[in-house]
Amino acid sequence: MSQDPLTAFVARSLRADVGDVRSELVAKNSLMEVERIRFSQEGVERSLALKRVPPEDSLEVQLLPFLARKTDRVPRVLSRGVPPPAVPAWPWVMTEDVLDTTSACHEDSRAIVLTKVAIERAVATDAPALGALGVKTVTPVDLVERAVERAATDRPVDAEARAAAAALSHLPTVLCHGELACTHARLTARGVIIVEWRRAYLGCGLLDIAQLSDDVRVTVSREMARAGRLLNQVMRTAIK
19 MSQDPLTAFV ARSLRADVGD VRSELVAKNS LMEVERIRFS QEGVERSLAL KRVPPEDSLE
79 VQLLPFLARK TDRVPRVLSR GVPPPAVPAW PWVMTEDVLD TTSACHEDSR AIVLTKVAIE
139 RAVATDAPAL GALGVKTVTP VDLVERAVER AATDRPVDAE ARAAAAALSH LPTVLCHGEL
199 ACTHARLTAR GVIIVEWRRA YLGCGLLDIA QLSDDVRVTV SREMARAGRL LNQVMRTAIK
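Under this note's numbering, the very last position in the sequence shown is 258; numbers go up by exactly one each time.
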């Protein structure tokens, strides 16, 4: 009896015999499709995550397998696929299932910084390889000029931003995440990992940390506000 297409796809991707394969759509929009695939292998129930992205926005499909070979601070990659240009299908990457992990911001946010630094160090000598994978070099000056161009007007802050960018440009060039936020730093059994590398570039790593710092403040404030509302609700119920 021939296998159904999903079972055949998972078996081929994992190069293993699998059974009872079923898929659950987790997210779908113009930027990505994410599925959780559950299956049995050698009598053990397992799951993995399958992410598809548009061909014009597929840096992560190229980059993540390389990073996963260098460090365990990113999701483990099980397989990936890049269809030929003539095939109307999205590139995909298959990883360990970390979809239900919690944000590392709920623990010690310093561990996120250490994780990011560990990834930087793991690929510190691989700039040519990263470039070949499609990771572009973007300096702080480049980022400021892009922002100024989009604003299409002169603002007092622009001069200060240009001066700051010039100073930051003297710092070492490292692998930057580009969207380092609480939702992309996940807590797993082996520690903190960083996910979602589609906006990665080579540049000033301090900008990642600044972005994370801003998001930690917002996230923690939001969580504290929610906790306060919940406590207030419980207290009102208790005194009725």
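Even for Gly, the Cβ is constructed at its ideal location relative to N, Cα and C.
Check the C-beta distance from residue i over to residue j and give it rounded, since I have them as a contact under 8 Å.
i, j, result
"ALA129", "ALA136", "Contact flag wrong, Cβ pair sits at about 10 Å."
"VAL93", "ILE227", "First, the residue type needs correcting, since residue 93 is Pro and not Val in the sequence shown. About 21 Å; that fails the 8 Å criterion."
"TRP215", "LEU81", "5 Å"
"THR119", "THR237", "Not really, about 15 Å apart at Cβ, beyond 8 Å."
"ALA218", "LEU132", "In fact, because the Cβ distance is near 19 Å, the residues do not count as touching under 8 Å."
"SER65", "VAL36", "With a Cβ gap of about 11 Å, SER65 and VAL36 do not count as contacting."
"ASP233", "ALA182", "That pair is no contact at about 20 Å."
With H, G and I counted as helix, E and B as strand and the rest as coil, what does DSSP make of residue i?
i, result
"LYS154", "coil"
"ARG235", "helix"
"GLU74", "helix"
"VAL208", "It should be pointed out that residue 208 corresponds to Arg in this sequence rather than to Val. In the structure shown, ARG208 sits in coil (DSSP, three-state: anything other than H, G, I, E or B)."
"VAL213", "coil"
"ARG33", "coil"
"LEU49", "coil"
"ALA199", "coil"
"ASP22", "coil"
"VAL192", "strand"
"VAL100", "coil"
Could you tell me the distance, in whole angstroms, from the CA atom of residue i to the CA atom of residue j?
i, j, result
"ILE55", "ARG40", "6 Å"
"VAL28", "ARG208", "25 Å"
"LEU43", "THR155", "34 Å"
"LEU151", "VAL162", "25 Å"
"ALA203", "VAL213", "6 Å"
"ALA104", "GLU74", "14 Å"
"PRO109", "ASP38", "25 Å"
"LEU230", "PRO158", "17 Å"
"ALA177", "ARG235", "27 Å"
"ALA165", "VAL175", "11 Å"
"THR201", "ALA107", "28 Å"
"GLU114", "VAL95", "7 Å"
"GLU125", "LYS134", "16 Å"
"VAL116", "ARG173", "43 Å"
"ARG87", "ARG33", "18 Å"
"ALA169", "ALA142", "34 Å"
"VAL79", "ARG180", "33 Å"
"GLU138", "ASP90", "12 Å"
Examine chain B for any beta-carbon lying closer than 8 Å to the beta-carbon of residue i, and answer yes or no.
i, result
"CYS123", "Among the chains in the structure shown there is no chain B, since it carries only a single protein chain."
message: Would the segment 50–65 count as touching the segment 188–204 if we require 3 or more Cβ pairs under 8 Å?
response: no
task: Run through the segment 104–188 for me and flag every whole beta strand (DSSP E) of 3 or more residues, listed as ranges in chain order.
output: 110–114
- prompt: If we count Cβ pairs, one from each stretch, closer than 8 Å, do we get three or more for the segment 180–192 versus the segment 219–234?
  reply: yes
query: Counting Cβ pairs closer than 8 Å, one from the segment 98–105 and one from the segment 130–150, do we hit at least three?
result: no
- prompt: In the segment 53–98, which residue ranges form an unbroken alpha helix (DSSP H) of at least 4 residues, counting only runs that do not cross its ends?
  reply: 77–88
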